[in-house]
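In this note's numbering, the protein residues as written are 11 to 205.
The beta-carbon is built from N, C-alpha and C at its ideal position, and this holds for glycine as well.
Reviewing the structure listed below.
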């Protein structure tokens, strides 16, 4: 579940710059509390964003409903900063986000493509049953480099469509067709970069 975060309780060590864009800046950090440390991505929103709280709200709602979301999502609403799981896990995993940079189009070994397709189909069906509209930036793939095992995740949650408690009003078949189109396109792109 997304939780409010007070960074004053942690020592934060910056590890690397990951992304710097017009609306946000992302770097990897290690948070240490004395006993425990955790590697996370820190995303700082630049300028005013009325959409900031949509990410944490969606994360909580979708996690409660059993959707595959990032394991950790912490936020500082006052400073518009988020801390989320760094899925790269120190280089042992690769995160494929087809809305991201050209590194997402490099060849990758995937050993469980049929299982992944089945998981995607289950996600499409569940989302249609719930009236949840999935858009292109929402879909991430987490690939374990040693084994080639890939998982589908919902990542950038701000563009997931309607509010977590809102009714879309769209018929189930329409939501299903939309989501299936988006996710099938992602699977096709993934198959195109498979080794």
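Apart from the five residues just before and just after residue i, which ones in its own chain have a Cβ nearer than 7 Å to its Cβ?
{"i": "residue 34", "result": "53, 54, 55 and 56"}
{"i": "residue 196", "result": "108 and 149"}
{"i": "residue 140", "result": "75"}
{"i": "residue 63", "result": "87"}
{"i": "residue 168", "result": "61, 64 and 65"}
{"i": "residue 130", "result": "162, 193 and 197"}
{"i": "residue 138", "result": "182, 185, 186 and 189"}
{"i": "residue 22", "result": "39 and 41"}
Tell me, please, which residues DSSP counts as bridged to residue i.
{"i": "residue 103", "result": "154"}
{"i": "residue 52", "result": "37 and 93"}
{"i": "residue 169", "result": "DSSP lists no partner for residue 169."}
{"i": "residue 159", "result": "Answer is none; residue 159 lacks a bridge partner."}
{"i": "residue 24", "result": "39"}
{"i": "residue 164", "result": "79 and 149"}
{"i": "residue 45", "result": "DSSP output for residue 45 lists no bridge partner at all."}
Might you give, ordered along the chain, the residues of its own chain that have their beta carbon closer than 6 Å to the beta carbon of residue i, omitting 5 neighbours on each side?
{"i": "residue 11", "result": "70 and 73"}
{"i": "residue 170", "result": "68 and 148"}
So residue i and residue j are supposed to be a Cβ contact under 8 Å. How far apart are they, rounded?
{"i": "residue 143", "j": "residue 189", "result": "7 Å"}
{"i": "residue 158", "j": "residue 121", "result": "3 Å"}
{"i": "residue 166", "j": "residue 160", "result": "Not a contact, Cβ separation roughly 18 Å."}
Enumerate in chain order the residues of its own chain whose CB-to-CB distance from residue i is below 8 Å, with the five nearest sequence positions on each side excluded.
{"i": "residue 208", "result": "Summary: the structure shown does not reach residue 208, with the chain confined to residues 11 through 205, and so no result is reported for it."}
{"i": "residue 25", "result": "37, 38, 39, 40 and 49"}
So does the region 115-134 actually touch the region 39-46, counting three or more Cβ pairs closer than 8 Å? no
Ignoring anything shorter than 3 residues, give me the beta strand (DSSP E) runs that lie fully in the region 67-144, in order along the chain. 83-86, 91-95 and 103-106
Taking contact to mean 3 or more Cβ pairs, one atom from each stretch, closer than 8 Å, check whether the region 92-102 and the region 181-198 are in contact. no
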